[in-house]
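Written below as structure tokens is the structure these notes are about.
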Amino acid sequence: MSIPGLIVGAGPIGLALAGDLGFRGVSCLLIEKGDGRVIQPKMDMIGVRTMEYCRRWGIVPWVESAGYNRDYPQDCAWVTSLNGYELGREPFPAPNDEPPPPESPQKRERCPQNFFDPVLQRFARQWPGVTISYHTELLGFTAHADRVVARVRDVRSGEEREIEASYLVGSDGGASTVRQSLGIAMSGAPTLTYTTNVVFRCDGLERLHDKKAGYRFIFIGPEGTWATLVAINGRDQWRFSLVGDRTQQTHSEDYMRRAIVRAVGRDFDFEILSMLPWIRRQLVADSYGGGRVFIAGDAAHLTSPTGGFGMNTGIQDAVNLSWKLTACIEGWGGEHLLESYGIEQRPVAIRNVAEATDNLKRMLSSRVQSPPKEIFEDGPGSDAARIDFGNRYTQAMRREWFSIGIHLGYVYEGSPIIVPDGTPRPPDEVMSYRQTARPGSRAPHVWLAPDRSIIDLFGKEFVLLRLGPDAPACDAFEQAARRRKVPFRIVDIDSTEACTLYERRLVLVRPDGQVAWRADTMPDDPLRVIDVVRGAETSIKPKKQC
Ligand SMILES: Cc1cc2nc3c(=O)[nH]c(=O)nc-3n(C[C@H](O)[C@H](O)[C@H](O)COP(=O)(O)OP(=O)(O)OC[C@H]3O[C@@H](n4cnc5c(N)ncnc54)[C@H](O)[C@@H]3O)c2cc1C
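Here it is, written out as structure tokens:
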């Protein structure tokens, strides 16, 4: 028996993809060679766009109640040690106290992978068509014109079997078997640092020092930035990272213990829960696959965690790919639709991994220009030196903390399934984001009623918004969509704010929530527009703007 979708790797990306396919009513099998337990959480920040998807999926309360202490302050501070000098601080409220930004109905959330993976697992499992098979490893596959045949092994019994699927997606992480089997290379910087992470337990670490509580501490010594510490559950667990450099090093538990004591600035009792040496990279796959086999998440891009873009970019991959796979499985997707996945998402990854490396450089800037020795002493001029150094560092780091443009401002420029409207591309900002309904952009958020955003309308089908009282009739559009069996819905919007923000009277939004087309009048050939946005025809040239 053949299944529509076979997904390899049940990290956050595979789970999100399986869940989104289930949400769309498409059956899939998700295989994972591990047992689903997260030994050491990597990601801990869910970005605002990912939270918008969680809202669409109805799982925001699950994220909020997943386990992070929502009263724990989220300040970031730079110190010589927790019992040494504080050099600067960026204050952030606790998750419970942080309002969403005006551009979104949701806010970013703190939810480390050991809490988020089970949330996504529960989301995926709720759909009758989704099966998750742990202890199942992909060994290899053969792609045919009409199907993919995968060879898998039960890692406990060693038993091998074949699985036949219409499509295969490798969300199997940085060492992706799927990517390697496709012969896809990755380009960029393969080694930025050799870093070692330790998650340790210490009840009441805050009582061992005089600094205000915070989510993240960056440690600066005479050699510059050397380590970080994050509150991984906002209670008793901490993740210490010895940042390292390009020199390959293996550290013993004893060495890491001493490093943690140096960071805290005094001896104390703590229990090491896990150690994880890892290589920080800046790499993007040269192709995201094609035909019947694709890659997503860390299989397609690897980034420095500085900024928290890795998983969030991968979840965008999953959502972008999911509706296109659905379209092809249901028969309404055109022959170019799946090609557009890599065309749209690869440039987003290239942009995001470059920004993450720049964040790393800013964090490590104190290595390039050594900190003045006065900041580690208690002498004349020391306080002034600390203020001066701290202010400069605080300023430099702000771009990492405030990155709404990365999360919401990505644009599918030049995509063959987006119909451009001839307006110029707005500047690609990191720290700010101006909502726009320009084709290729995320459809803007506006409150239509208390707790009802316009973006709550998007997710399953194409939605054609008729904005304002003068919006033209769209029967021909609906007929065109019906002719091509494209799921399609027309919604009338009378909100003045929405009319202003969306700028046109007709706006077509895709099932992933990105704008596909907009105009003030009906197109001459609505069938052509439908054929472009479903990937059956190549893009239409923009109309000249008056
Ligand atoms: C310290 C750190 C902090 C981070 N913080 C953030 C953050 O705050 N926000 C953020 O967005 N990102 C963050 N990231 C990045 C983020 O963790 C990754 O981008 C994300 O985990 C990638 O998810 P994935 O599902 O693609 O891959 P993975 O999480 O690596 O999952 C891949 C899965 O595939 C399975 N697998 C592999 N091969 C096979 C096979 N042959 N058969 C079956 N199964 C297989 C593996 O067992 C694994 O479970 C951080 C990373 C690090 C290192």
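Read in order, the letters of the sequence shown are residues 0 to 545 in numbering that gives the first Met the number 0.
Virtual Cβ for every residue (Gly too), placed ideally from N, Cα, C.
Just so it is clear, the structure is predicted and the values come from calculations on it, not from any experiment.
Specify the secondary structure class of residue 545 as computed by DSSP and reduced to three states.
Stepping through the sequence shown from its first residue, residue 545 is reached at position 546. Because residue 545 sits at a pLDDT of 38, beneath the cut-off of 50, its placement in the model cannot be relied upon, and the following sentence gives the value as read from the coordinates. Of the three classes helix, strand and coil, the one that applies to residue 545 here is coil, per DSSP.
Reduced DSSP category for residue 10 - H, G, I as helix; E, B as strand; rest coil:
Counting from one through the sequence shown, the residue named residue 10 turns up at place 11. Correct three-state label for residue 10: coil.
Nearest to residue 4 by CA position, among 273, 523, 443, 292, is which residue?
As a first step, residue 4 is located in the sequence shown; it is residue number 5 there, counting from the start. Per the Cα distances, 292.
In this structure, does DSSP put residue 435 in helix, strand or coil?
Along the sequence shown, read from residue 1 onward, the residue named residue 435 stands at position 436. Coil at residue 435, not helix or strand.
Comparing the CB of residue 304 with every heavy atom of ligand 1, is any distance shorter than 6 Å?
On the sequence shown, residue 304 is found 305 positions in, with the first residue counted as 1. Checking every heavy atom of ligand 1 against the Cβ of residue 304, one is found closer than 6 Å.
Give the DSSP-derived three-state secondary structure of residue 79 in the structure shown.
Taking the sequence shown and counting its residues from 1, one reaches residue 79 at position 80. It is coil, neither helix nor strand.
Quick test of the definition: if touching needs 3 or more C-beta pairs under 8 Å, does the region 374 to 391 touch the region 399 to 416?
no
Count the other C-beta atoms from every protein chain shown that fall within 10 angstroms of the C-beta of residue 18, then say buried if there are 16 or more, exposed otherwise.
Here residue 18 corresponds to residue number 19 of the sequence shown, with the count starting at 1. Result: buried.
At which residues does the alpha helix (DSSP H) containing residue 358 begin and terminate?
Locating residue 358 in the sequence shown gives position 359, counting from the first residue. Its alpha helix (DSSP H) spans residues 338 to 362.
Residue nearest to residue 304 in terms of C-alpha spacing, selected from 318, 357, 232, 257:
Start at 1 with the first residue of the sequence shown, and residue 304 comes out as number 305. The shortest C-alpha separation from residue 304 is found at 357.
Quick check on this structure: which residue in 366, 314, 405 has the alpha carbon closest to the alpha carbon of residue 56?
Counting from 1 along the sequence shown, the entry for residue 56 is found at position 57. Of the residues 366, 314, 405, the one whose Cα lies closest to the Cα of residue 56 is 314.
Compare the beta carbon distance of residue 233 and residue 44 with 7 Å and say whether it is the shorter of the two.
Numbered from 1 along the sequence shown, position 234 holds the residue referred to as residue 233. Numbered from 1 along the sequence shown, position 45 holds the residue referred to as residue 44. No; because the gap between Cβ atoms is not below 7 Å, this pair is not in contact.
Residue 503 vs residue 479 beta-carbon contact at 7 Å
One-based indexing of the sequence shown puts residue 503 at position 504. One-based indexing of the sequence shown puts residue 479 at position 480. Taking 7 Å as the Cβ cut-off, residue 503 and residue 479 do not qualify as a contacting pair.
Just checking residue 12 against ligand 1 - is the residue's beta carbon closer than 6 Å to any of the ligand's heavy atoms?
One-based indexing of the sequence shown puts residue 12 at position 13. Answer for residue 12: yes, Cβ within range of ligand 1.
What number of angstroms, rounded off, separates the C-alpha of residue 116 from the C-alpha of residue 36?
Sequence index remark: in the sequence shown, residue 116 carries index 117 (1-based). Sequence index remark: in the sequence shown, residue 36 carries index 37 (1-based). Residue 116 and residue 36: Cα-Cα distance of roughly 9 Å.
Are residue 105 and residue 42 closer than 7 Å when you measure CB to CB?
Here the question's residue 105 lines up with position 106 in the sequence shown. Here the question's residue 42 lines up with position 43 in the sequence shown. Cβ distance not < 7 Å, so residue 105 and residue 42 don't count as in contact.
With a threshold of 8 Å on Cβ separation, who are the neighbours of residue 281 within its own chain once the five nearest residues in sequence on each side are excluded?
Against the sequence shown, residue 281 aligns to sequence position 282. Hits under 8 Å: 187, 188, 191, 301, 302, 303, 352, 353, 355, 356.
Span of the alpha helix (DSSP H), counted from its first residue to its last, around residue 313:
Start at 1 with the first residue of the sequence shown, and residue 313 comes out as number 314. Residue 313 -> alpha helix (DSSP H) spans 309 to 329.
Who are residue 240's beta bridge partners in DSSP?
Against the sequence shown, residue 240 aligns to sequence position 241. Among the bridge pairs identified by DSSP, residue 240 is matched with 196, 227.
Mind reading off the beta-carbon distance from residue 240 to residue 194? Whole number of angstroms is fine, and I expect it under 8 Å.
Stepping through the sequence shown from its first residue, residue 240 is reached at position 241. Stepping through the sequence shown from its first residue, residue 194 is reached at position 195. About 6 Å separates the two Cβ atoms, so the contact holds.
Buried or exposed: where does residue 399 fall if 16 or more other Cβ atoms within 10 Å of its Cβ makes it buried?
Numbered from its first residue, the sequence shown carries residue 399 at position 400. So residue 399 counts as buried.
Could you check whether the Cβ of residue 171 sits closer than 6 Å to any heavy atom belonging to ligand 1?
The residue given as residue 171 occupies position 172 in the sequence shown. For ligand 1, at least one heavy atom lies less than 6 Å from the Cβ of residue 171.
Same chain, Cβ closer than 7 Å to residue 114, neighbours up to 5 away in sequence not counted
As a first step, residue 114 must be located in the sequence shown, where it is residue number 115. Correct list, in chain order: 65, 66, 67.
Helix, strand or coil: which one does DSSP assign to residue 267?
Stepping through the sequence shown from its first residue, residue 267 is reached at position 268. Looking at residue 267 - three-state DSSP - the assignment turns out to be coil, as it is neither helix nor strand.
When DSSP builds the beta bridges, which residues end up paired with residue 300?
Position 301 of the sequence shown, counted from the first residue, corresponds to residue 300. Answer by DSSP bridge pairing, in chain order: 283.
Entirely enclosed beta strand (DSSP E) segments - the region 80 to 144, minimum 3 residues
Correct list: 85 to 89, 129 to 132, 135 to 142.
Measure the alpha-carbon distance for residue 6 versus residue 333 and round it to whole angstroms.
In the sequence shown, residue 6 corresponds to position 7, counting from 1. In the sequence shown, residue 333 corresponds to position 334, counting from 1. Answer to the nearest angstrom: the Cα atoms are 22 Å apart.
Note down, in chain order, each residue of its chain lying with its Cβ closer than 7 Å to the Cβ of residue 544, except the 5 sequence neighbours on either side.
One-based indexing of the sequence shown puts residue 544 at position 545. Residue confidence for residue 544 is low, a pLDDT of 46 falling below 50, so the modelled location carries little weight; the figure read from the coordinates is stated next. Excluding residues within five positions, the ones whose Cβ falls inside 7 Å are 421, 422.
Contact between the region 246 to 265 and the region 134 to 151 is defined here as three or more beta-carbon pairs at a separation below 8 Å; is this criterion met?
no
Can you tell me whether residue 51 is helix, strand or coil according to DSSP?
By one-based count along the sequence shown, residue 51 stands at place 52. DSSP places residue 51 in helix when its eight states are reduced to three.
Let me check understanding here. Comparing Cα to Cα, which of 391, 203, 87 lies closest to residue 588?
The chain is shown from 0 up to 545; residue 588 falls before or after that span and cannot be answered.
Tell whether a beta-carbon distance below 7 Å holds between residue 403 and residue 439.
Here residue 403 refers to the residue found at position 404 when the sequence shown is read from its first residue. Here residue 439 refers to the residue found at position 440 when the sequence shown is read from its first residue. Cβ distance not < 7 Å, so residue 403 and residue 439 don't count as in contact.
Are the region 205 to 223 and the region 158 to 165 in contact at 8 Å, needing three or more beta carbon pairs?
With the cut-off at 8 Å, the region 205 to 223 and the region 158 to 165 do not touch.
Given 8 Å as the limit, is there contact between the region 125 to 139 and the region 451 to 467, that is, 3 or more CB pairs closer than that?
no
Should residue 116 be listed as close to ligand 1, given that the test is whether its C-beta is under 6 Å from any heavy atom?
The count along the sequence shown starts at 1 and reaches residue 116 at position 117. No.
Less than 6 Å between C-beta atoms, sequence neighbours within five positions excluded: which residues of the same chain meet that for residue 63?
Within the sequence shown, numbered from 1, the residue matching residue 63 stands at position 64. So the list is empty, once near-sequence residues are dropped.
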